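**Student:** This is the structure I have questions about; it appears just below.
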Amino acid sequence: MTPTAQKPTPPACRALTSWRWAALLALGLMPATQALAREPGPGPVKALPPLERNSLDMQFRRLPAGSFWMGSVEPAARLAHDYPELNTGRFGKLQDEGPVHRVRISKPFWMGVHEVTVGQFRRFVEASGHVPESIADGTGAYGYNAQYDPATSPRKDAFEGRLPRYSWRDPGFPQGDDHPVVNVSWADAQAMAAWLSRVEGRRYRLPTEAEWEYAARAGTRSRYHSGDKPASLLRVANVFDAETATLWPRWQDKALPGHDGHVFTAPVGQFAPNAWGLHDMHGNAWEWVADWYGEDYYAHSPRIDPQGPPEGEVRVRRGGSWHSWAFYARSSFRNWNKPDTRYVLLGFRLMREADD
Ligand SMILES: [Ca+2]
Ligand SMILES: [Ca+2]
């Protein structure tokens, strides 16, 4: 499930657990320095924010400025209870999601309603002349091949690659123009944002990790914007369900029980959106965000508009994918890849900065 990068050894636990935070808040003992904690967050969202379309017919919603609780710290026993299909060792490798901390997004911004689609990416490539990294360096990407056996691969990867036969045009399974583009690198995403900015005279970019989680949560503090229960994902996300598991029977026991109707990627916007009207924040394609990854970043990150560490080796991706187990589609889950990764589960979503 972690295609080309493994989680490093976690540092010593330093997180203040979320229930302790909750207790402090309840008792009114939150330190005065935690002034941000008392700022109003978006709270329950009552109405959909304004919608705009751009020159590629991409839709964006204007999210308000606000504060939210970023990250998650849950007792391993509770996770083991709610995700009995997973090895409990996994629950000790989540320190990078903590501490839960208050973050303020200081300006409104326009968040992509959907993942960037194959059709939108094609129009960008054709109009700009950009050569995606998988083609430019000739090494290609990853894909699904029914004849491929992960056990025969040195890396035991679930997908075949890298091979020149795979690219954003061909991940080995059929994709319509309305499916999320995958097999695109971080630089490919940057190039599309830069091109759109040039063409439209506005500023497009990848969301920061904080903007992404703020958008995904849409005022919620639960594991998913649909609640804490993994089964709630069936309504809002295309993940590793019973149908996808038919092609990877060795992971059948990890599949979300039930059918979301899609073995591979789904057309964007097929599932219920979150309270801000954003679709597929959980599942379908993992989404590159702007930040370098820092395992202990939350312990010392700026509380207003954090931008990620100044340097790093891997870029963050968020939200899980059509091939991810429910656990990895949680709003707070962090994973990463080297920026030149092009993978069959990994796409992106763009945002546009507000003009005012
Ligand atoms: Ca599925
Ligand atoms: Ca997604």
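According to my numbering, the stretch in the sequence shown is residues 126 to 481, in order. Yeah, the Cβ is synthetic: ideal placement off N, Cα and C, and Gly gets one too. Quick caveat, the model's predicted, so the values are computed rather than measured.
Should G254 be labelled buried (16 or more other beta-carbon atoms within 10 Å of its own) or exposed?
**Tutor:** exposed
**Student:** Return the chain-ordered ranges of every beta strand (DSSP E) run that is complete within the stretch 273 to 318 and spans a minimum of 3 residues.
**Tutor:** Counting only runs of 3 or more, we get 285 to 288.
**Student:** Any idea which residues DSSP pairs E412 with across the strands?
**Tutor:** R443, G472
**Student:** Is S351 buried or exposed, if buried means 16 or more other CB atoms sit within 10 Å of its CB?
**Tutor:** Classification of S351: buried, given that the 10 Å Cβ count is 16 or more.
**Student:** Nearer than 7 Å: is that true of the beta carbon of D303 relative to any heavy atom of ligand 2?
**Tutor:** no
**Student:** DSSP state of T242, grouped into three classes?
**Tutor:** strand
**Student:** May I have the straight-line CA-CA distance separating R290 from P299, to the nearest angstrom?
**Tutor:** 14 Å
**Student:** Please confirm whether R443 and E336 have their CB atoms less than 8 Å apart.
**Tutor:** no
**Student:** Since V361 and H407 are thought to touch, with beta carbons under 8 Å apart, how far apart are those beta carbons, to the nearest angstrom?
**Tutor:** 6 Å
**Student:** When you compare only the Cα positions, how much space is there between W401 and F284?
**Tutor:** 34 Å
**Student:** Have a look at F193 and P233 and give me their C-alpha separation to the nearest angstrom.
**Tutor:** Spanning the two alpha carbons is a distance of roughly 14 Å.
**Student:** Using C-beta distances below 7 Å, list every residue in its chain close to G265, excluding the 5 sequence neighbours before and after it, in chain order.
**Tutor:** S259, G286, R287, L288, P289, R290, Y291, S292
**Student:** Go through its chain and collect everything with a Cβ distance to A316's Cβ below 6 Å, but skip five positions before and after it.
**Tutor:** Excluding positions up to five away in sequence, the list reads H255.
**Student:** If distances are taken between C-alpha atoms only, which option among L471, L204, V238, F249 comes closest to L173?
**Tutor:** V238
**Student:** Are the beta-carbon atoms of R330 and D480 separated by less than 8 Å?
**Tutor:** The Cβ atoms of R330 and D480 do not sit closer than 8 Å to each other.
**Student:** Could you pull out every residue in the same chain whose Cβ sits closer than 7 Å to the Cβ of V170, ignoring the five residues on either side in sequence?
**Tutor:** A343, G344, A400, W401
**Student:** Reducing DSSP to helix, strand and coil, say where R477 ends up.
**Tutor:** Assigned with DSSP and collapsed to three states, R477 falls in strand.
**Student:** Less than 8 Å between the CB atoms is what I'm expecting for V241 and L475, so what's the real figure, rounded?
**Tutor:** 6 Å
**Student:** What does Y349 pair with, by DSSP beta-bridge criteria?
**Tutor:** G352
**Student:** Would you say the beta carbon of W447 comes nearer than 7 Å to a heavy atom of ligand 1?
**Tutor:** Yes, Cβ of W447 sits closer than 7 Å to a heavy atom of ligand 1.
**Student:** Mapping the DSSP letters down to three states, classify A266 as helix, strand or coil.
**Tutor:** strand
**Student:** According to the Cβ coordinates, are W447 and A391 closer than 8 Å?
**Tutor:** yes
**Student:** Would you kindly check if the distance between the Cβ of R428 and the Cβ of H226 is under 8 Å?
**Tutor:** yes
**Student:** If you drop the 5 nearest sequence neighbours on each side, which residues of the same chain put their C-beta closer than 6 Å to that of K463?
**Tutor:** V439
**Student:** Please indicate yes or no: does the CB of H407 lie closer than 7 Å to some heavy atom of ligand 1?
**Tutor:** no
**Student:** For G419, which three-state DSSP category applies?
**Tutor:** coil
**Student:** DSSP three-state label for R247, please.
**Tutor:** helix
**Student:** Could you check whether the Cβ of V364 sits closer than 7 Å to any heavy atom belonging to ligand 1?
**Tutor:** yes
**Student:** Check whether the Cβ atoms of P305 and V393 lie closer than 8 Å to each other.
**Tutor:** Against a cut-off of 8 Å, the Cβ pair of V393 and P305 comes out as a contact.
**Student:** To the nearest whole angstrom, what separates the beta carbons of D430 and S180, a pair I think is in contact under 8 Å?
**Tutor:** Incorrect: roughly 27 Å between the Cβ atoms, too far for contact.
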